[in-house]
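S.K.: Got a structure for you, written out below as structure tokens; questions coming shortly.
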Ligand code: SAH
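Below you can see the structure in the form of structure tokens.
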């Protein structure tokens, strides 16, 4: 096995549990097949563990958390088995969940989502990409009833690893629509064509929170995708829930979801959220709950300022629509924007329009997207619920 050495004093972060060694932290970047299993050592020669090497990537070594001699199907089977135990402990009978969340499962570069009998895999590193057959083999062993596995390798970050983009069925058969239930709601997911890996599983528990707060309320769900929060609000006896998204296909799925769940207290419209909020402000419309769950606004540090401005505008507009006693549900999946940043925005924007807020609940990503403390990169989802304080 090839041994790679870190420059002097570069080992601290890795000793503390971070799993990436950057190319410029290595003494030398030898030629090797992208994805080869290597040993990483500190400058004094002491081992930091084994991992996948990619001389083409800025993240040159992705450690696997410990000593791995061979990364074969048995290795993946053992790792997947322990990931599944964690999911079952927290998710009980839920049939749609993330089995593997990259670094948080000590499998840097791999995402695995289970949707009943269909599994979606994403490989974001050369090491994982090269072991597709082993990964598929291990999944079929762990889930004997699985009927199809899709490779949704469409993330742009693959290009940085020297990998091409692929979106294909890798094993078995995948139906046009995959039926699963989440929080007791029936969903028809078009995994072959959907965004991301099909469904935003990370908001599962937060959707339950919204469901539990919705009774007799008029709920506006901004960036609803295939209906997530609005459907949970409707199931939680909202007097009316309106979902808004700019994607035509997401809106038609959301409408279908309302229909198959027999929910006549929710509606969906295709619109740009920024425009719709402006219109509602002009029309002086009032809501009891407004949910904001926009897509990531910044993938790189240079985009953070713009992202903060986007969150400020959105949250200010939403606040204007809320009656006293109303709830603002403000979420952000931008990893580079912290919960503290979001709280700060809410403090400033609410003060600006003279509304007082009380933070009543904070959530994060669901337990099938755990956070590895030594890798802040694994923590990305913020979910804050505020009450607009009325006259005491
Ligand atoms: N709340 C959803 C997930 C939201 S993902 C859930 O619970 O599943 C973000 C969504 O924002 C995507 O569906 C995307 O189509 C939509 N979107 C992005 N920009 C938008 C805009 N300006 N106006 C409306 N929708 C937008």
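Residue numbers (my numbering): 29 to 420. Ideal Cβ positions, reconstructed from N, Cα and C, are used throughout, including at glycine.
Helix, strand or coil: which one does DSSP assign to residue 400?
M.R.: Within the chain shown, numbered from 1, the residue matching residue 400 stands at position 372. Coil, per DSSP.
S.K.: Would you call the stretch 397-406 and the stretch 343-355 in contact, with 3 or more CB pairs under 8 Å?
M.R.: Touching, no, given that fewer than three Cβ pairs across the two stretches are closer than 8 Å.
S.K.: For residue 143 versus residue 206, is the C-beta spacing smaller than 7 Å?
M.R.: Here residue 143 refers to the residue found at position 115 when the chain shown is read from its first residue. Here residue 206 refers to the residue found at position 178 when the chain shown is read from its first residue. Yes.
S.K.: Distance check for residue 319 and residue 47, CA to CA, integer angstroms please.
M.R.: Counting from one through the chain shown, the residue named residue 47 turns up at place 19. Counting from one through the chain shown, the residue named residue 319 turns up at place 291. Taking the straight line from one Cα to the other gives about 35 Å.
S.K.: Short of 8 Å in beta carbon distance, which residues of its chain neighbour residue 264, apart from the five on each side in sequence? Order them along the chain.
M.R.: What you label residue 264 is simply residue 236 of the chain shown in a count that begins at 1. The answer, listed in chain order, is 238, 239, 240, 241, 242, 243.
S.K.: I think residue 89 touches residue 81, with their Cβ atoms under 8 Å apart; what is that distance to the nearest whole Å?
M.R.: Position 61 of the chain shown holds residue 89. Position 53 of the chain shown holds residue 81. Indeed, because the Cβ distance is near 5 Å, the residues count as touching under 8 Å.
S.K.: Quick one: give me the first and last residue of the beta strand (DSSP E) that residue 382 is part of.
M.R.: Position 354 of the chain shown, counting from 1, holds the residue named residue 382. It is not in any beta strand (DSSP E) - residue 382 carries neither H nor E in the DSSP assignment.
S.K.: Following a CB-centred definition, is residue 231 positioned closer than 6 Å to any heavy atom of the ligand SAH?
M.R.: Mapped onto the chain shown, residue 231 falls at position 203. Yes, the ligand SAH has a heavy atom inside 6 Å of this Cβ.
S.K.: Enumerated in chain order, which unbroken segments of the beta strand (DSSP E) with a length of 3 residues or greater are wholly contained in the stretch 277-354?
M.R.: Segments of the beta strand (DSSP E) lying fully in the stretch 277-354: 294-298, 315-320.
S.K.: Would you report the Cα separation of residue 146 and residue 35, rounded to the nearest angstrom?
M.R.: In the chain shown, residue 146 corresponds to position 118, counting from 1. In the chain shown, residue 35 corresponds to position 7, counting from 1. Going from the Cα of residue 146 to the Cα of residue 35 covers about 44 Å.
S.K.: Taking the C-alpha atoms as reference points, what is the distance between residue 433 and residue 385?
M.R.: Past the boundaries of the shown model lies residue 433; the chain is included only from 29 to 420, so the question cannot be answered.
S.K.: Counting only runs that start and end within the stretch 163-228, where is the alpha helix (DSSP H) found for 4 or more residues in a row?
M.R.: Qualifying alpha helix (DSSP H) stretches, in chain order: 185-188.
S.K.: Using CA coordinates, which residue listed in 391, 336, 395 is at the minimum distance from residue 376?
M.R.: As a first step, residue 376 must be located in the chain shown, where it is residue number 348. Checked all of 391, 336, 395; the closest Cα to residue 376 is 336.
S.K.: Consider the C-beta atom of residue 411 and the heavy atoms of the ligand SAH; say whether any pair is separated by less than 6 Å.
M.R.: In the chain shown, residue 411 corresponds to position 383, counting from 1. No, Cβ of residue 411 sits at least 6 Å from all heavy atoms of the ligand SAH.
S.K.: Going by the beta-carbon positions, is the gap between residue 250 and residue 272 smaller than 7 Å?
M.R.: Mapped onto the chain shown, residue 250 falls at position 222. Mapped onto the chain shown, residue 272 falls at position 244. Yes. Within cutoff.
S.K.: At the level of alpha carbons, what is the spacing between residue 170 and residue 107?
M.R.: Here residue 170 is taken as the residue at index 142 of the chain shown, counted from 1. Here residue 107 is taken as the residue at index 79 of the chain shown, counted from 1. Using only the alpha carbons, I get a separation of about 11 Å.
S.K.: Please confirm whether residue 390 and residue 412 have their CB atoms less than 7 Å apart.
M.R.: As a working mapping, residue 390 is identified with position 362 in the chain shown. As a working mapping, residue 412 is identified with position 384 in the chain shown. Yes. Within cutoff.
S.K.: Distance, Cα to Cα, residue 383 vs residue 367?
M.R.: Within the chain shown, the letter at position 355 stands for residue 383. Within the chain shown, the letter at position 339 stands for residue 367. Cα to Cα, the separation comes out at about 20 Å.
S.K.: So what does DSSP say about residue 74, is it helix, strand or coil?
M.R.: Here the question's residue 74 lines up with position 46 in the chain shown. The answer is coil: DSSP assigns residue 74 none of H, G, I, E or B.
S.K.: Only counting the same chain, and skipping five residues up and downstream in sequence, which positions put a Cβ closer than 6 Å to that of residue 399?
M.R.: Reading the chain shown from its first residue, position 371 is the one you call residue 399. Taken in chain order, the residues that qualify are 406, 407.
S.K.: Looking at residue 193 and residue 185, is the spacing between their C-beta atoms short of 7 Å?
M.R.: On the chain shown, position 157 is the one that residue 185 refers to. On the chain shown, position 165 is the one that residue 193 refers to. For residue 185 and residue 193, no; Cβs fall outside 7 Å.
S.K.: Using a C-beta cutoff of 7 Å, does residue 402 count as contacting chain C?
M.R.: Of the chains in the structure shown, none is chain C; there is only one protein chain.
S.K.: Name the DSSP bridge partner or partners of residue 64?
M.R.: Here residue 64 corresponds to residue number 36 of the chain shown, with the count starting at 1. Per DSSP, 81.
S.K.: Does DSSP put residue 408 in a helix, a strand or coil?
M.R.: Translated into the one-based positions of the chain shown, residue 408 becomes position 380. Coil, per DSSP.
S.K.: Can you tell me where the beta strand (DSSP E) holding residue 114 begins and where it ends?
M.R.: As a position in the chain shown, residue 114 is number 86, starting the count at 1. Premise fails: residue 114 lies in the alpha helix (DSSP H), 101-119, not in any beta strand (DSSP E).
S.K.: At the level of alpha carbons, what is the spacing between residue 133 and residue 93?
M.R.: Locating residue 133 in the chain shown gives position 105, counting from the first residue. Locating residue 93 in the chain shown gives position 65, counting from the first residue. Rounded to the nearest angstrom, the two C-alpha atoms are 9 Å apart.
S.K.: Using the C-alpha atoms, what's the distance from residue 217 back to residue 162?
M.R.: The sequence position of residue 162 within the chain shown is 134, counting from 1. The sequence position of residue 217 within the chain shown is 189, counting from 1. If you take the alpha carbons of residue 162 and residue 217, they lie about 26 Å apart.
S.K.: If you run the structure through DSSP and keep just helix, strand and coil, what is residue 159?
M.R.: To locate residue 159, count along the chain shown from 1; it is residue 131. Three-state result, residue 159: coil.
S.K.: Please state if the CB of residue 409 and the CB of residue 230 are separated by a distance shorter than 7 Å.
M.R.: For this step, residue 230 is matched to residue 202 along the chain shown. For this step, residue 409 is matched to residue 381 along the chain shown. Closer than 7 Å, so yes.
S.K.: Could you check whether the Cβ of residue 396 sits closer than 6 Å to any heavy atom belonging to the ligand GDP?
M.R.: Ligands in the displayed structure: the ligand SAH; the ligand GDP is not one of them.
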